[in-house]
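Data block below; observations after.
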Ligand code: SF4
């Protein structure tokens, strides 16, 4: 809660006690920001006659109420007033919308915090992958990744075919029908997921390189998921406008199952128009409309990730993408990726998209199954073979390629884009830096060398290595896909493939962490639409 004095209501849960005018304020503000962010013509119309532009859009707010959310100076002034205890001078609609954003950001943080795998090895691995992502992607980008437990594809391929698809969805091939047999297998597989991952798997969702609405039986799969886990998976679709009545039924179903947030990817302005015509602002209160249309990108308001298929368009449409220097991925799962048509599963975790990992995630292990029993065996073997939970003395320690090491006589620092660690009182620290930089020594060898040359007790060296390990600074990148640059969603091989990881661990990185987070420079209105993702990032 901020220092605002007016009463605030939470909007992601039961709305029965929330006054209608409160919901109206927030949902109308949201609609205004959607149109203003994605439609340059609307910006022009607003600039020439703000009141008429609001009326034409059916927005029950005044220009004075919306300006503090679209204009940086006005936004800063509103913040200054709130901090000075003068919130009463800020329009309530502004404060309510800000509180709504605050609630959604908190929701995302909570999602990440409560996703705790039951298996201690998976738990340790996920923690470490979270730390690695902060270091590799930067704090700002990493904050948007929830490290969800699982994503489940109900089709093979996607009919939408976005040029920028961050996971390079293949062309639509087929979808899983909800037959009696498939329904049984589906529920059994969800049971296995709950058993192997733990109840925190309830934060999974039912799409990846697929659009959930491509599956005509999506609603049945969604309802079954709720029956097993007691939660409703977030729906993200680029086809919200295609069949408004079906979309409305799905939203109503999701609402009845207490889904806090759903999402529409707006890939063309016409889609936004149809959505705004088809649904009232109140109906879409909890549906984020993610700007993916050309106009919002070319205006510099929202840029797309340079991952997946978008990488092929870097030269042609580079002005719509984040720059090569910035980290890029839309992956948000540190866990299992299923395809129920192919009956395949992969163990994955996000990474910066690159030639080697164009889809922006590592594949640690993968395999196929026919039955729920086989799935259980497969998932367990993936954990047994690829997910380790401690740094062994015979493990070779090698820093990630993006980690820099800085040593002065008694101090060693490791630094990456988003995370750093400093170790004081390290005699002959440059020697330790050299051993780490070599990347060829085992834990045992490093500890013995430190004892011999600098008189450092092995336990002290092990503690340093352990902290580096827990912070995700050691290189655990799996072997490259068979053909570099050809990592593609949906291709599987039978059996499991060990990831060849260097090491593993059990705790968070500890008190030596230094944040080197990036500044978010997106304009206020665009930022307020982007702050809120709860699972997979905007595609
Ligand atoms: S971004 Fe989404 S809707 Fe577009 S092609 Fe990829 S999976 Fe399909």
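Numbering (this note's numbering), first residue to last: -8 to 530. Note that beta-carbon positions come from the ideal geometry of N, C-alpha and C, so glycine has one too. For clarity, every value in this text was computed on a predicted model and none was experimentally measured.
- Ranking 420, 359, 457 by CA distance to the CA of residue 440 puts 420 first.
- Residue environment: residue 5 is assigned as exposed (fewer than 16 neighbouring CB atoms within 10 Å of its CB, all protein chains considered).
- Boundaries of the alpha helix (DSSP H) around residue 16: 11 to 29.
- At least one heavy atom of the ligand SF4 falls within 7 Å of the beta-carbon of residue 202.
- Counting the other CB atoms within 10 Å of its CB gives residue 361 a total below 16, which places it among the exposed residues.
- Set against 7 Å, the gap from the CB of residue 158 to the closest heavy atom of the ligand SF4 is smaller.
- Secondary structure remark: continuous alpha helix (DSSP H) runs of at least 4 residues inside the region 146 to 217, in chain order: 171 to 188.
- In this structure, DSSP gives residue 346 a state outside helix and strand, which the three-state scheme calls coil.
- Per DSSP, residue 261 has no beta-bridge partner at all.
- Burial is judged here by how many other beta carbons sit within 10 angstroms of a residue's own beta carbon; residue 86 has at least 16 and is buried.
- Around the beta carbon of residue 252, a 10 Å sphere encloses 16 or more other beta carbons of the protein chains shown; the residue is thus reported as buried.
- In the structure shown, the three-state DSSP call for residue 249 is coil.
- For residue 71, the enclosing alpha helix (DSSP H) starts and ends at 63 to 74.
- Put simply, the backbone Cα of residue 249 is about 25 Å away from that of residue 168.
- In the DSSP assignment, residue 88 falls within the unbroken alpha helix (DSSP H) covering 83 to 105.
- Sixteen is the threshold: when 16 or more other Cβ atoms of the shown chains lie within 10 Å of the Cβ of residue 279, as they do, the residue is buried.
- When the five nearest sequence neighbours on each side are left out, the beta carbons in the same chain lying within less than 6 Å of the beta carbon of residue 283 are those of 256, 257, 258, in order along the chain.
- Residue 239 sits in a helix when the DSSP states are folded into three classes.
- The Cβ atoms of residue 435 and residue 384 sit closer than 8 Å to each other.
- In the DSSP assignment, residue 278 falls within the beta strand (DSSP E) that extends over 278 to 282.
- Here residue 328 carries a strand assignment [DSSP, helix/strand/coil].
- Note on geometry: alpha-carbon atoms of residue 8 and residue 20 lie some 20 Å from one another.
- Between the C-alpha atoms of residue 22 and residue 12 there is a straight-line separation of about 15 Å.
- For residue 79, the number of other beta carbons within 10 angstroms of its own is below 16, and it is reported as exposed.
- Per DSSP, the beta bridge partners of residue 353 are 340.
- Take the alpha-carbon of residue 367 and the one of residue 321: they are about 28 Å apart.
- Annotation: residue 198 to residue 204 spans about 9 Å, alpha carbon to alpha carbon.
- Inclusion of residue 336 and residue 390 in the CB contact set at 8 Å is not warranted, their separation being larger than that value.
- The C-beta distance from residue 201 to residue 149 rounds to 5 Å, short enough to fall under 8 Å.
- Around the Cβ of residue 431, a 10 Å sphere holds fewer than 16 other Cβ atoms; the residue is exposed.
- In this structure residue 341 is in contact with residue 325, their Cβ atoms being roughly 7 Å apart against a cut-off of 8 Å.
- At least one heavy atom of the ligand SF4 lies closer than 7 Å to the C-beta of residue 229.
- Our two residues, residue 83 and residue 215, have alpha carbons roughly 40 Å apart in a direct line.
- Look at residue 434 here: in three-state DSSP terms it is helix.
- In terms of Cβ geometry, residue 157 and residue 351 form a close pair [threshold 8 Å].
- Linking residue 223 to residue 162 through their CA atoms gives a straight-line distance of about 27 Å.
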